[in-house]
Amino acid sequence: MPDLKLFASPRACSLACHIALEESGLPYSVEIVKIREGEHQAEQYLRVNPWGKIPALLIDDEVLTEAQAILSFIGDSTDLNLIPQNNPLARARAHEWMNFLTATVHIAFRPLFKPHYLISDPALYPQLHEVGIPNLKKTLLEVDRRLAGKKWALGDNYSVVDPYLLVFWIWSQRDDIVPHVANMPAWRDHAERIFAREATWKCLRREGITPDNLAAP
Ligand SMILES: N[C@@H](CCC(=O)N[C@@H](CS)C(=O)NCC(=O)O)C(=O)O
């Protein structure tokens, strides 16, 4: 079994990998790299991941980046069925979800979370929000639609997709975001099922997240 070390930042998309590792039962360690304090751009972290983004997973002496790839690796490294095996369509469904979360859902938060990545003049942020907020709302509603009638993202079995969904649920419920999003009952129920799992709060607490500060921006 390789030595696994996850680089994670509190509340970042790395939380999905953190929870998936905890659920997997694999031995691992976590190093907290605080994005808000600029630690992801410090020399020490850039030596691990020159791209300066979180998450990264050190597998012995190899670095794997991209949440989807890390989750896929974790799922394939256990026999807990955390990602479907030997069923091409079921496996493709897992990647369909994860790719949607990475490429569309994550990015839909950008006009609100990182407007400076999109436009240089802060005076134009309201225009960006005019387009970005309805798009975020629509994208999150699509997640809710896809979850309707399902216990877990892939159906009856918990998988690495589920903690990935939790990341964006937590983002959507931030005090400064929640006024902009619709009611999402299927996703809310899904999030409650994940919050009920022991591994979830173990990881949240390790990142300094408690029920009291969960909705903090
Ligand atoms: N496509 C990458 C995105 C990674 C990413 O942007 N992570 C954020 C945290 S959620 C980050 O490192 N932000 C720091 C920055 O953009 O400076 C993935 O899915 O892992």
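Residue numbers for the sequence shown follow the working numbering, beginning at 4 and rising by one. Using N, Cα and C, we set each Cβ at its ideal position, and we do this for glycine too. Computed from a prediction, not measured in an experiment: that's the story for all the values here.
Can you tell me which residues form a DSSP beta bridge with residue i?
i	result
valine 33	Leu9
tryptophan 155	Gly158
Starting from residue i, trace the alpha helix (DSSP H) both ways and give me its first and last residue.
i	result
isoleucine 38	First-last for isoleucine 38: undefined, no H or E at that position.
valine 146	128-150
arginine 14	Premise fails: arginine 14 is in no alpha helix (DSSP H) and is neither H nor E.
glutamate 201	201-209
aspartate 215	Aspartate 215 -> no alpha helix (DSSP H), and no H or E assigned at all.
glutamine 176	Note, glutamine 176: premise wrong, no alpha helix (DSSP H); not H, not E.
glutamate 42	Element bounds for glutamate 42: n/a, residue is neither H nor E.
tyrosine 120	It is not in any alpha helix (DSSP H) - tyrosine 120 carries neither H nor E in the DSSP assignment.
Look at the alpha carbon of residue i and the alpha carbon of residue j, and state the distance between them as a whole number of angstroms.
i	j	result
tyrosine 161	leucine 85	7 Å
tyrosine 120	arginine 113	8 Å
isoleucine 77	arginine 39	27 Å
histidine 109	glutamine 47	26 Å
alanine 93	alanine 126	46 Å
serine 27	valine 181	31 Å
leucine 143	lysine 56	23 Å
leucine 224	aspartate 63	Residue 224 lies beyond the residue range present for the chain, which begins at 4 and ends at 220; the question has no answer from this structure.
isoleucine 122	isoleucine 136	15 Å
I need the boundaries of the beta strand (DSSP E) containing residue i, first residue and last residue.
i	result
glutamate 195	Looking at the DSSP string, glutamate 195 is not in any beta strand (DSSP E); the run it does join, the alpha helix (DSSP H), is 188-198.
Within its chain, find whatever has a CB closer than 6 Å to the CB of residue i; leave out the 5 residues flanking it on each side and keep chain order.
i	result
leucine 139	Ala111
cysteine 206	His21, Ile22 and Glu25
leucine 150	Ala189, Trp190 and His193
tryptophan 155	Tyr161 and Asp165
Segments assigned beta strand (DSSP E), at least 3 residues, entirely inside the segment 58-117:
59-62 and 65-68
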